[in-house]
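Taking it in order: structure first as structure tokens, then the write-up.
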Amino acid sequence: MDIGVHHYLIVSAVLFCIGLLGVLIRRGLIEMYMGLELMLNAANLALVAFSRFQNNLEGQLMVFFTITVAAAEVAVGLALIVALYRKRKTTDATDLTSMKL
Amino acid sequence: MNWMLYSLEIVMVLTGLGILLLDLGTPARGKRDLGYLGAFLLGLLLLQSVFLPEAQEGFSLMSSGNSITAAPGYTLDPFARYFKHLFILAAILVLLMTVDFADRLRHGVSEFFALVLFALAGMSAAASATNFITLFVSIELITVTFYVLTSFQRDQFRSLEAGVKYLILGAAASAVLVYGIALIYGATGSMDFAALGKESTGTAAQDYILQLGLLLVMAGLGFKIAAFPFQIWVPDVYQGAPAPVTAFLAVGSKAAGFALLMRLCHHLRPDLQALAGTVLAVLAGLTILYGSLCALRQRNLKRLLGYAGIASAGYLLLGLLALNTRQGGPTASADGCHAMLFYLAGYLFAVMAAFTVICHVSRDGEDEDLSILTGLHQRSPLLATVLTLSIISMAGIPPLVGFLGKFLLLQSALGALAERGAHLWLIIAALAGVVISLYYYFGILRAIYWGNGIRTDEVVETRPPIILPPTARLTLIACALILVLLGIFPEPLLDLSSRAVELFR
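Protein sequences appear in the order of chains A and B.
When you read off a place in the first sequence, starting at 1, and then add 25, the result is the number in this note's numbering.
When you read off a place in the second sequence, starting at 1, and then add 719, the result is the number in this note's numbering.
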């Protein structure tokens, strides 16, 4: 079977949707974060696939930046979640309700 | 390498790093004064940025004489420069505000200053972005810095909560943005904004991918500017973040989003512009109504200003509609952008003045309930006057600068809608928003002059007069003067902003 760009696209769209569902359905902050990473990597997959099939390196360049930024985001994000855990002993999104109207 | 092109951003980052280094040798009491140093250096940078030569288009390796060559993905046109001025001004005011807020940060005051400067570099880069890579990197530099800034008072639960909420929603928005960029790249084969303007040569499927990508990118940017379905984070983050951060978020981060959106929409080809125009029109109307209606029942000052900020994002989106009518001719599109730039400048001073007042009125760890404003005109006439002026300006009442901004935006939207018709409901929504806004803005004024006292423990507490430090006094007077003077003599600013939108003509 010949594998074309649309096969990669479908896989990346599925990954993106799984990630999005994870963020929407899960209530643990860590699990939500995993969903976010999945979404970012779905985008990376699409970028690399397009780049490969168009013989154009700009897409791969973008992926380097995405990966770096995602790493920075995780560093900040996990630190924040740890700080939250120290304060309240919870990493559950449903406990974040101190501000209402 | 063309250093001049990036000189402003390089200086901003170096200033931030310099403050971090100086922090090592500064005694704990002196750390807050580093903020003055940062503000002073930014003042010099603002002066220098006025004299920077303009970037020339085209890619020559040698920069000849006094001109700068625009690099791929990065430019320094009058439009970018206007926004850079705004961002630097905002950062100066935020740094000065933070110096008086330093006691409440408890630890890492210098890191706070440095992070503000890094965020400023991100905003400044966003104003220059002409391809998606620069767009993404600058947006992320802003967002990731703001995650830290928002949760900076980590001994307070609400600051942490705000940070975590901003983190999750912000990261989701970035993921959507990157996916959108991937789809656009797939359809056009290039990362440049300019590729969006080329006639479509691909198949229908490619066009479909391109449209989907564009919508996703607009969603990602919509998060930054807090447009309707992506505004969920605003109230909690505005309320929980330290006041100087909220101010910077309300002005800087939002303006950066608008700068990118304007540049992006400017490059779109006609059929994409029609699509973007319809989406933006719907979003603008819903954003105005949502922001105005939710602000009605708010008691928390920062939260109220958050909802008011959502509504003003809606008004700013009206300016983009004009950009999306080719029938209106390029003049109309320039008018819309012109109005947006003018509005943003007025908004900057109004918001900064309001948050500086909030900084001084609220106490550590206290909820910023409207009732803390009670009797402010007796406790500190200056604070009361400045807050009143800034509220009046935001509400859009003549003769202050906010009035002209809102007026120009509505006028440009009317012009754009007259071309295509059928969007009368949008104008009605905008006018309804203006009327509703009078109610909630005057709620703040009522709390100052006719308030019933602090609502803690059923005891009406009379608070002592507020003594302002001299720098705060100065910045407040400067902001108030600018609000009034620009309202009465708007010509210089109108001039500046119309020169900045030359590229849209």
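By construction, the Cβ of each residue, glycine as well, lies at the ideal position given by its N, Cα and C atoms.
Setting aside the 5 residues that flank it on each side, G976 of chain B is surrounded in the same chain by L940, K943, I944, each with a C-beta closer than 6 Å to its C-beta; the list follows chain order. V813 of chain B is classed as buried because its beta carbon has at least 16 other beta carbons within 10 Å across all chains shown.
In this chain, the alpha helix (DSSP H) harbouring Q85 of chain A covers 83 to 113. Against chain A, the beta carbon of V897 of chain B has neighbours under 7 Å at L65, A68, T91, listed in chain order. Distances from the alpha-carbon of G882 of chain B to those of A:Q85, A:A104, A:K114, A:I28 put A:A104 closest. In the three-state DSSP reduction, G53 of chain A falls in the strand class (E or B). Residue burial annotation: H1079 of chain B is buried, with at least 16 other C-beta atoms found within 10 angstroms of its C-beta.
Distance from the CA of L1164 of chain B to the CA of L1024 of chain B, rounded to the nearest whole angstrom, comes to 13 Å. By a beta-carbon distance limit of 8 Å, A74 of chain A contacts L34 of chain A. Their separation comes to about 7 Å.
In this structure, DSSP gives D874 of chain B a state outside helix and strand, which the three-state scheme calls coil. Per the coordinates, the alpha-carbon of T849 of chain B lies some 28 Å from the alpha-carbon of F832 of chain B. Just so you know, the alpha carbons of I1185 of chain B and M842 of chain B end up roughly 34 Å apart. Taken through DSSP and simplified to helix, strand or coil, D117 of chain A comes out as strand.
Between S1011 of chain B and Y1159 of chain B, the C-beta spacing is below 9 Å.
Taking the Cα positions, L902 of chain B is about 20 Å away from L46 of chain A. The three-state secondary structure of N80 of chain A, taken from DSSP, is coil. In the three-state scheme derived from DSSP, where H, G and I count as helix and E and B as strand, N66 of chain A is classed as helix. Burial is judged here by how many other beta carbons sit within 10 angstroms of a residue's own beta carbon; L1150 of chain B has fewer than 16 and is exposed.
Secondary structure remark: continuous beta strand (DSSP E) runs of at least 3 residues inside the stretch 799 to 879 of chain B: none found. Judged by DSSP in its simplified three-state form, A790 of chain B adopts strand. Taking 7 Å as the cut-off between beta carbons, the residues of the stretch 945 to 975 of chain B near chain A are D955, Q958, G959, in sequence order. Residue-level contact by beta carbon fails for R1082 of chain B and chain A, as no gap is shorter than 9 Å.
When the beta-carbon positions are compared, T853 of chain B and A845 of chain B come within less than 9 Å of each other. Looking only at B:F855, B:G1152, B:R825, the smallest Cα-Cα distance to I1007 of chain B is reached by B:G1152. Note on A747 of chain B: under 16 other CB atoms within 10 angstroms of its CB, so exposed under the neighbour-count rule. With contacts defined by Cβ atoms closer than 9 Å, A68 of chain A and A914 of chain B do not form a contacting pair. Across the stretch 45 to 60 of chain A, CB contacts with chain B closer than 7 Å involve V48, L54, M57, in sequence order along the chain. Relative to the Cα of S123 of chain A, the nearest Cα in the group B:F851, B:I1110, B:K884, B:I861 belongs to B:K884.
Looking only at B:Y927, B:Y801, B:L1143, the smallest Cα-Cα distance to L994 of chain B is reached by B:Y927. Membership of Q992 of chain B in the alpha helix (DSSP H) is indicated by the continuous run 989 to 1014. For D1088 of chain B, DSSP records a beta bridge to B:N1019. Going by DSSP, M937 of chain B is part of the alpha helix (DSSP H) stretching over 923 to 944.
Collapsing the DSSP output to three states places D911 of chain B in a strand. One Cα belongs to V99 of chain A, the other to P1189 of chain B, and the distance between them is close to 41 Å. Remark: fewer than three beta-carbon pairs, one from each stretch, lie closer than 8 Å, so the stretch 797 to 815 of chain B and the stretch 950 to 960 of chain B are not flagged as touching. Contact annotation for G1121 of chain B against chain A: no contact, minimum CB-CB distance about 27 Å [criterion: below 7 Å].
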